[in-house]
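Protein chains: 2
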Amino acid sequence: MNELERIQALILESTPVLGREIAYILDSLGRVLACDITAVEDVPCTDISAVDGFAVQCGALEGASKINPVVLKVIGESPAGRPCGATVGRGEAVRIMTGGLVPDGADSVVKKEDAEDRGEVVACVNNPGIGGNIRVRGEALRKGDLVLRAGEVVGAVEVCKLASMRRAHVHVHQKPVVAILSTGDELSDFHEPPSPGKTMCSNLYGMAAQVLETGAVPLLLGMVPDDPEEQKTLLAEGLRADVVITSGGMSRGKYDLVRETLRAMDVEIKFRNIALKPGKAAVFGAINGTLVFGFPGNPSASMISFEQFVKPALLKMMGRRSVSDARESRFSAIDSFRLDLMGCNCHSRASLVPCRKPESGSSP
Amino acid sequence: MNELERIQALILESTPVLGREIAYILDSLGRVLACDITAVEDVPCTDISAVDGFAVQCGALEGASKINPVVLKVIGESPAGRPCGATVGRGEAVRIMTGGLVPDGADSVVKKEDAEDRGEVVACVNNPGIGGNIRVRGEALRKGDLVLRAGEVVGAVEVCKLASMRRAHVHVHQKPVVAILSTGDELSDFHEPPSPGKTMCSNLYGMAAQVLETGAVPLLLGMVPDDPEEQKTLLAEGLRADVVITSGGMSRGKYDLVRETLRAMDVEIKFRNIALKPGKAAVFGAINGTLVFGFPGNPSASMISFEQFVKPALLKMMGRRSVSDARESRFSAIDSFRLDLMGCNCHSRASLVPCRKPESGSSP
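Chains as they are written, first to last, in our numbering: chain A, 10 to 373; chain B, 10 to 373.
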């Protein structure tokens, strides 16, 4: 386990799996089942035909062939969804559609292609044998069979299975709410006119998008100047969420105050020197079950940190069993190259330096 | 090009790219830009410091070293977002933070680590040279530079870039509305009690989930019995959407009426024998710009058909340039194995048979 993995493991140790809530079947898509789903009835729940054709007693068809067809009297119809009341006797047949209930008395279904439909009668040229072309009750599933397990991620196939099991609503793990705060006197937001020395709080939006991509709920607290009291007010608001992320205010400049504010608010700092080029440090802490991440203001650094540290925690909260796959598959997308030297407080190319440097150490 | 690819190409030929609409920056996530995004201002918009330190005239620092530090008078501060009004003269310095505006007169920034801050004065031990540790105006981007191209898919990084460009709203391609209809007398929905011979219209929900996964908008028209008039009423409703999908009513059984209904409604049938095991055929048509897909009632067959035929069309509608990658990457997930013999009107294992069989041909 390298240092980066050690930090990730430490964060996951502090991360709870959130409780469950009831979601409408289509809102469960992409979420994690919080209960097993078992079959509430046999599937199919009665014997049904697997083909379009004629339900018969196959004993009547002994020796049936093209040269020697057996003619049966058609006594009724059994389309899917409209059961036929008649009982099939020897010498009789019921016209049946795919999915139609096999009527009483019948033990076999002759395919349409093996039968010449003459209206009142049918000439059968083949004997499918007992059970031929019939899907018997419980063939696919027996009542009580496990269909989906708690912990499975719901995709379109799972939605189809849930619907088959008549589950319009299902228990899934809750989505974490992630409060995001950008700090710095230099920041401005969309509602403010641009002015020299001010930069857009772009990583507020970039990280909100990452939260959405992960399947969690962003809570945009907005931006706060380098003022401890204002920071405390907004952070207190954020601590009602499951996760709080701050960006900016994490380096050693005179006006970088977030770390001190977190300390003053009794946030237990569990890790405070996750070194990030260009020499800014990230912080991880927790208070009353809320995880707190403090990242540099540099958008590359904060977004890479999100992928590495926040995303696995969010996935665990949402009940995902494997958090490492998702982490790795996304990491390549959020790289220094793509973010390059874009806007704002993004001062230079960011990269993760997974080591614990003393805080007073100089950056390269 | 095999037969399957030929059918896909035929569908895409009939598929329009939808127009554009304005989306809030976070709602643009996963969607396709419908316009180029250019820089509205230089980035950075003024010369700013890349480090915490002291803004100076570097001419004053000739020969500065640890043995021979040059002492300058500190005349002000320039934290990020709070420009310093002072002009730096030779022999003077302004304390500056990362992102702070480089004050008039200064042409270089001495890093904090190369300076001993004594309050009123600072002792500098290094000469960074002209432009040292300064990010000059327009260094990252010049006003008018292309930042994002029309056709790019918006991810978290693109959201961050859009925010940097102060784009709270952005033009993206519209999401197609996909009306879904399940047909068959045998179907029941969540609001009905289970009864023998009735099965849940599970692929209504399965395909709605596929629509959501693709990023489009499902419109659940519900289920309709095997009655041409009722089918016409709901299909007419569906034709107000961008795409209509029906399931069921596509085989050769007496009660399979959808194809005839579509013909009676003047839907131009462009392809009507996309053969699907177990012997049911799919239909593709169009009317007044709305695409119409008719799939078998078997959930495996309809969901596989969706992945192969509908999904690429939806991606094209939403402005995606490459529709084949997404198609291939998802196909393995929706396979017969996972859907297996689940519930309802799923009668046997489905697979695509990419060939044109005459309609009267028998199924294997």
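Note that the Cβ used here is the ideal one computed from N, Cα and C, for glycine as well.
Alpha carbon to alpha carbon, what distance is there between residue j and residue i?
{"i": "residue 24 of chain B", "j": "residue 228 of chain A", "result": "38 Å"}
{"i": "residue 301 of chain B", "j": "residue 245 of chain B", "result": "11 Å"}
{"i": "residue 103 of chain A", "j": "residue 206 of chain B", "result": "16 Å"}
{"i": "residue 325 of chain B", "j": "residue 166 of chain B", "result": "23 Å"}
{"i": "residue 137 of chain B", "j": "residue 192 of chain A", "result": "29 Å"}
{"i": "residue 266 of chain A", "j": "residue 188 of chain B", "result": "53 Å"}
{"i": "residue 135 of chain A", "j": "residue 195 of chain B", "result": "28 Å"}
{"i": "residue 170 of chain A", "j": "residue 201 of chain B", "result": "18 Å"}
{"i": "residue 109 of chain A", "j": "residue 220 of chain B", "result": "30 Å"}
{"i": "residue 318 of chain B", "j": "residue 274 of chain A", "result": "56 Å"}
{"i": "residue 327 of chain B", "j": "residue 28 of chain B", "result": "9 Å"}
{"i": "residue 281 of chain A", "j": "residue 292 of chain A", "result": "4 Å"}
{"i": "residue 51 of chain B", "j": "residue 12 of chain B", "result": "52 Å"}
{"i": "residue 54 of chain A", "j": "residue 112 of chain A", "result": "14 Å"}
{"i": "residue 316 of chain B", "j": "residue 225 of chain B", "result": "13 Å"}
{"i": "residue 59 of chain A", "j": "residue 179 of chain A", "result": "31 Å"}
{"i": "residue 20 of chain B", "j": "residue 35 of chain B", "result": "32 Å"}
For residue i, which residues in chain E fall below 7 Å Cβ to Cβ?
{"i": "residue 219 of chain B", "result": "In the displayed structure, chain E is absent; the protein chains listed are A and B."}
Buried or exposed, going by whether 16 or more other CB atoms sit within 10 Å of the CB of residue i?
{"i": "residue 223 of chain A", "result": "buried"}
{"i": "residue 214 of chain A", "result": "buried"}
{"i": "residue 352 of chain A", "result": "A caution first: residue 352 of chain A carries a pLDDT of 33, below 50, which makes its placement in the model too unreliable to give a value."}
{"i": "residue 75 of chain A", "result": "exposed"}
{"i": "residue 203 of chain B", "result": "exposed"}
{"i": "residue 106 of chain B", "result": "buried"}
{"i": "residue 182 of chain B", "result": "buried"}
{"i": "residue 155 of chain B", "result": "exposed"}
{"i": "residue 332 of chain B", "result": "buried"}
{"i": "residue 18 of chain B", "result": "exposed"}
{"i": "residue 199 of chain A", "result": "exposed"}
{"i": "residue 143 of chain B", "result": "buried"}
{"i": "residue 61 of chain A", "result": "buried"}
{"i": "residue 247 of chain B", "result": "buried"}
{"i": "residue 163 of chain A", "result": "buried"}
{"i": "residue 139 of chain A", "result": "exposed"}
If you run the structure through DSSP and keep just helix, strand and coil, what is residue i?
{"i": "residue 12 of chain A", "result": "helix"}
{"i": "residue 17 of chain A", "result": "helix"}
{"i": "residue 256 of chain A", "result": "strand"}
{"i": "residue 314 of chain B", "result": "helix"}
{"i": "residue 229 of chain A", "result": "strand"}
{"i": "residue 76 of chain A", "result": "coil"}
{"i": "residue 126 of chain B", "result": "strand"}
{"i": "residue 184 of chain B", "result": "coil"}
{"i": "residue 222 of chain A", "result": "helix"}
{"i": "residue 351 of chain B", "result": "The predicted position of residue 351 of chain B is uncertain, since its pLDDT is 37 and thus under 50; a value taken from the coordinates is nonetheless stated next. Three-state result, residue 351 of chain B: coil."}
{"i": "residue 336 of chain A", "result": "Confidence at residue 336 of chain A is low in this model, with a pLDDT of 42, below 50, so its placement is unreliable and the value that follows should be read with caution. In this structure, residue 336 of chain A counts as helix in the three-state DSSP scheme."}
{"i": "residue 37 of chain A", "result": "helix"}
Which residues of chain B have a Cβ atom closer than 9 Å to the Cβ of residue i, listed in chain order?
{"i": "residue 56 of chain A", "result": "Those within 9 Å of residue 56 of chain A in chain B number zero; the least Cβ separation is about 10 Å."}
{"i": "residue 209 of chain A", "result": "172, 173, 174 and 175"}
{"i": "residue 138 of chain A", "result": "None at all; the shortest Cβ gap to chain B is about 18 Å."}
{"i": "residue 312 of chain A", "result": "165, 166 and 169"}
Output yes if chain A places a C-beta closer than 7 Å to the C-beta of residue i; else output no.
{"i": "residue 175 of chain B", "result": "yes"}
{"i": "residue 119 of chain B", "result": "no"}
{"i": "residue 44 of chain B", "result": "no"}
{"i": "residue 34 of chain B", "result": "yes"}
{"i": "residue 215 of chain B", "result": "yes"}
Residue i versus chain A: which residues are under 7 Å apart at the beta carbon?
{"i": "residue 237 of chain B", "result": "Simply none; closest approach about 15 Å."}
Using a Cβ-Cβ cut-off of 7 Å, state whether residue i counts as contacting chain B.
{"i": "residue 133 of chain A", "result": "no"}
{"i": "residue 93 of chain A", "result": "no"}
{"i": "residue 392 of chain A", "result": "Any question about residue 392 of chain A goes unanswered here, given that chain A covers just 10 to 373."}
{"i": "residue 154 of chain A", "result": "no"}
{"i": "residue 89 of chain A", "result": "yes"}
{"i": "residue 84 of chain A", "result": "no"}
{"i": "residue 195 of chain A", "result": "yes"}
{"i": "residue 308 of chain A", "result": "yes"}
In chain B, which residues lie with their C-beta within 8 Å of the C-beta of residue i?
{"i": "residue 110 of chain A", "result": "205 and 206"}
{"i": "residue 142 of chain A", "result": "The premise fails here: residue 142 of chain A is roughly 10 Å from chain B at the closest Cβ pair, so nothing lies under 8 Å."}
{"i": "residue 50 of chain A", "result": "203"}
Using a threshold of 6 Å, is the CB atom of residue i nearer than that to any non-hydrogen atom of the ligand PLP?
{"i": "residue 214 of chain B", "result": "Absent from the structure shown: the ligand PLP. Ligands present: none."}
Mind pulling the chain A residues with CB within less than 8 Å of residue i?
{"i": "residue 38 of chain B", "result": "218, 221 and 222"}
Show which residues of chain B have a CB atom less than 7 Å away from the CB atom of residue i.
{"i": "residue 212 of chain A", "result": "169"}
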